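Under my numbering, think of the first position of the sequence shown as 842, with each following residue one higher.
What follows is a set of notes on a single structure, which appears directly below.
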Amino acid sequence: MPSRVHAIVVARTGDAAAAQLSETLDDLRDQTTPPDAVTVVVLGSGAQVRAIDGIGRSVEAIIEARATTTFAEAVALAQPRVASGSSVWMLTHDSRPRRRALQLLAGSLERSPSAALAAPKLVRHDDDREIVSLGVSMSRFGRAVELAADELDQGQHDATEDALGADVRGMLIRGAAPTVLRPDPGLGGADEGLDLGVRARLGGARIVLVPKARIGVRPDGVATAPQREAARAWVSRRAQLHRRLAYAPAFAVPLHWLSLLPLALWRSIVHLIGKRPAAVVPEWGAALAAMLAVRAVARSRRAIRSFRTASWASIAPLRVSRTQLRHRLDDGHGSERGAVSELHFFSGGGAWAVLAALVVSIAAFFPLLAWPSVGGGELLPMQPELAALWNDAGWGLRDLGPGIVGPADPFAAVLAVLGTLWPGSPSFAVVLLWLGALPLAVLGGWFAATRVTDRAGLRILGGVLWALAPTFLTALVQGRPAAVLLHLLLPWLFHSAVVAHRSWGAAGAASLLAAASLACAPSLAPAFVALWGLTVMAMLAAGRVRGAVRVFWLLIPAAALFAPLVYWQLRHGDPWALLADPGAVATLAQATADAAGRLLIAQGFPAPDRAGWEWLLDGRVAPFAAVLLVPLVLLALTSALSPRWRAGFALLATTVIGLITSMIAVGIQVSFVQGEPVGIWPGTGLSFAWLGVVGAALVTLDTVVAMPALRSAAALVTGAGVLVCAVPGLLAVNVGEAQIHNGATSTLPALVAAHASDAADSGTLVMTPLDDGSLATQLVWGPSATLSAQTTMLTTATRVHDEGLAADAVDLLSARDFDAAAALAERGVGFVLLTSLPGQSEQARSMTDGAITAIDQRPGFVKAGETPNGMLWQLATPPAERAQPSHAQRALGNLIGLGQLIVVLAAVLLSIPTRASRRAARGRSRVVGRSLDEPIASRRTHEDADLHTGDVTVPPAGADEPRPAEDAPPSAEPASPHPAVEENSR
């Protein structure tokens, strides 16, 4: 044994730490070979340490240091008190060395002359059978890897002696070792033991593991990795980068230094794909800290160079290979612990339901097969090129109005994604959307139903009910693209949002779907925020901080996309305009704000035609169409009394919030078209409410109705009622009762479109005399007004953005003597189009005739003649170039776009499934809110394969037991497995 051993104990301040330190000092005195001297370094005030009974007899000195001092820095403070030639035993206040620990460590150094370090086996402070750490190695790129950690000690590692490094706690340094062989303060509090092992190897020595020397440690000690994921990622990455710069050859250090930020970007992407967003900010912080720690790196390199005698080849055999690392970190398939949740999309009939819906859709929208684009309602042509389509989605110069520079509606980004699906002709993508709407709705409804039931028949019922919603069919018939897209997105949002607290993958997907849904229906923002806030508070109240953080992320992408528009509207003093429906605005039939209109909404119909029953049957019979939905409503209300009542109440609350949203929205008029106010479409709130109704009905059928025959009968009656209610909507296109029609490629005359194809910045002034004697004007740039170019900045405007243009348009029709052609050409106008509304009044007709006469008499206007769009004139004067955004505006737009892109890209990377995330999802029940006290009739058994399904899965015992608090659903409570479930799982 060495002649002298000096123990350095690093302790925190506080009552608990003082009590643990007292126990540690008692263990040191009880050693079979106690240390010759003990120095305590207190991180903070040493008053409590000095108050320990007998402290003066146990330690030779107490050193006070700052509370932020790292373990390596604390050891360095005590080093001057260590006598020359003394071995150093490094401990912490929570270390509990077993009685023979020091004797075994010192003996191993005596038996191994080449060993400079001896490391014990670290075990739990209250259980010697659990290994905390025994040996550390590193990968090719310097990643620290524990060789044995969090394992049950069965003696499997007792023969292990050689390793690259070890945990620094309890490590004994030979007295003959040079003083530079001490923990490196530049590491920042991590990997000190690994670094000591590497330095020892480079100095021609090594570290020896002593598994029989046991030291108990706590998980929150001084030299322990932080408990919080972000802090742990920071210290580990900071230490790894410091070691990389300290170990690298001199010529490679500048290259490593320059690569730190690009590596941080790449690793941030990897962290997001790996569902570790908490490591992104620490990654950048560690990179910046490593770049600035030039002095610390220089000291470490000098220390290594001062005693290095061996090459790096001596370390290579002890590194962990890529194969070993993959084997160590990947537990492989089968970690589901038997609770495998399969989807059964094909075997459960989901695929057949989607195919059947496709056949119905082709029959219902058969004329669309020959249409190049869809028009009518709120539909307009799309931009012919993808570049222009995506340009409309960003901050910049809008293609409508007099040179407005500002944010785009987030709905433009949704349209850009839609148009990208058919890049050759984005307008045809809308045709495909209409043709595929029904099967896509069935698909989304089927997947949403997997969160409510695992019965194949009920999942198909859920998909059919969602596709046949009255509000959805009305939106298809009237030509409301935003409402159609919202209805297709909502079930996927439900499917991912209800499990967003479980994983970052679900949270990332839900955040993207929430952003897209709000882009299609901003009026749902209050409902989304209310449910989101309640969920976050419930998570925090239950102590599920990680789940709350994941749920909190759900609205971050939406906030990033809406932030520029919110600023614009608030700056112009019109916050209510944020609720306006995006896209084109048209005066279509919808429920009114009176009692009769709100009664229609309560019955589930967003328009007065009651999903087409008004034109299909006599008006006196049509009001009874709501009776067809009564079975669905009764089933939904019964869910509040079901064994899964928490889920039932949550879904009914969703229904109520959706209905309230619709009834309030129908009375808000913030959009205008041709001088007429247009209310918010109530169908978006009804789609939200329909989601809750369908989900609640499925909960009742899954849990309340025990007899398979009765369940099948109830499901068939409910489905038949909704199917009959949907018949008029499915017939509307073929019988000519729909507002949609074969769309034109341009909203402007062919001459304008042909000219604009060569001069895209040419503007067309569209003037429309109104019935009240006023004149509506619109400036359209390019060959057509497009759907993605529409902006709520104009449709909700309550004042004229360019009074000069408005004055010129009025003076054009007046007797004022001025060069109208030159004035308009200076503003970039090349054509003037005079249109008229159908069924215009005598006053509007007289104003139209007068306008034609006035313009004909103006010099500089070449009359092109009557067109299907109206009377057209071309200016003889070539139009001036369109005013472009300034450099400051372009820089602002680029900055805003970059910020939005970063947030959206982060959500996309989080949503990408990985092998681990798929395995974790399969290991959890797809059904959310399932209670273990549900009657066994609600579980699928071989005797209960109802609704013609042959795939039966019985959850094994304990499969639905509550997981740890962070991953359990909000409604989960500890409960014992159902006896029948245990019996069926044997």
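Positions of the beta carbon are idealized from the N, C-alpha and C atoms, including for glycine.
Keep in mind the model is a prediction, meaning the values are calculated, not measured.
DSSP state of residue i mapped onto helix, strand, coil
i, result
"Ser1553", "helix"
"Trp1409", "helix"
"Trp1417", "helix"
"Phe1446", "coil"
"Ile893", "coil"
"Met1608", "strand"
"Ser1779", "Any reading at Ser1779 must be qualified, since the residue scores a pLDDT of 40, below 50, and its modelled position is unreliable; no value is offered."
"Gly1526", "helix"
"Ala1666", "helix"
"Glu1828", "No answer is possible for residue 1828: the residues shown for the chain start at 842 and end at 1827."
"Thr854", "coil"
"Thr1150", "coil"
"Gly1260", "helix"
"Asn1583", "strand"
"Ala859", "helix"
"Ala1786", "With a pLDDT of 38 at Ala1786, under the threshold of 50, the modelled position of that residue is not reliable, and the figure given next carries that caveat. If DSSP states are grouped into helix, strand and coil, Ala1786 belongs with coil."
"Asp1003", "strand"
"Val1111", "helix"
"Gly1237", "strand"
"Leu1429", "coil"
"Glu1707", "strand"
"Val1468", "helix"
"Val1545", "coil"
Sequence-distant residues of its chain with Cβ nearer than 8 Å to residue i (five each side left out)
i, result
"Arg845", "Asp877, Ala878, Ala924, Gly926, Ser927, Ser928 and Gly1016"
"Leu1716", "Ala1662, Leu1665, Ala1666, Val1670, Gly1671, Phe1672, Val1673, Gly1701, Phe1702 and Val1703"
"Pro1208", "Val1574, Asn1575 and Asn1583"
"Ser1147", "Pro1019 and Val1021"
"Phe1335", "Ala1289, Arg1292, Leu1532 and Gly1536"
6 Å Cβ shell around residue i - same chain, five flanking residues per side excluded
i, result
"Val851", "Val882, Phe912, Ala915, Thr933 and Val1063"
"Gly1791", "Low local confidence applies: a pLDDT of 34 at Gly1791 is under 50, so the model's placement there is unreliable, and no value is given."
"Glu1033", "Ala913, Val1009 and Pro1024"
"Ala888", "none"
Beta-carbon proximity check, residue i vs residue j, cutoff 8 Å
i, j, result
"Met1914", "Leu1616", "Given that the chain is displayed from residue 842 to residue 1827, the structure contains no residue 1914 and the question cannot be resolved."
"Leu1359", "Ala1399", "yes"
"Leu963", "Leu975", "yes"
"Ile1048", "Ala1004", "yes"
"Leu1606", "Ala1685", "no"
"Ile1501", "Ile1509", "no"
"Val1283", "Ile1581", "no"
"Arg1391", "Ala1348", "yes"
"Ala848", "Ala942", "no"
Opposing strand residues paired with residue i [DSSP bridges]
i, result
"Asp968", "Arg965"
"Phe1702", "Leu1716"
"Gln1619", "Val1607"
"Phe1672", "Thr1605 and Gln1715"
"Ile904", "Val882"
"Glu992", "Ile972"
"Phe1513", "Pro1518"
"Arg1047", "Ala956"
"Trp930", "Ala848 and Leu1013"
"Ile1056", "Pro938 and Leu963"
"Glu987", "Val977"
"Leu1220", "Gly1217"
"Val1246", "Leu1238"
Chain-order list of residues whose beta-carbon lies under 7 Å from that of residue i (same chain, five-residue window excluded)
i, result
"Ala1290", "Leu1299, Arg1300, Gly1303, Gly1304 and Leu1539"
"Glu971", "Val964, Arg965, Leu993 and Asp994"
Residue i at chain D interface by Cβ criterion, 8 Å
i, result
"Pro1248", "Among the chains of the structure shown, chain D does not appear; only one protein chain is present."
Any non-hydrogen atom of the ligand FMN within 7 Å of residue i CB
i, result
"Leu1013", "As far as ligands go, the structure on display features none, and thus does not contain the ligand FMN."
Is the stretch 1689–1699 in contact with the stretch 1743–1754, if contact means three or more CB pairs nearer than 8 Å? no
If we count Cβ pairs, one from each stretch, closer than 8 Å, do we get three or more for the stretch 1628–1646 versus the stretch 1245–1261? yes
Would the stretch 1437–1455 count as touching the stretch 1564–1576 if we require 3 or more Cβ pairs under 8 Å? yes
Report yes or no: do the stretch 1087–1106 and the stretch 1121–1137 share at least 3 C-beta pairs separated by less than 8 Å? yes
Is the number of C-beta pairs between the stretch 884–896 and the stretch 859–871 that are closer than 8 Å three or more? yes
For the stretch 1752–1768 against the stretch 1121–1140, do three or more pairs of beta-carbon atoms, one drawn from each stretch, fall closer than 8 Å, so that the two count as touching? no
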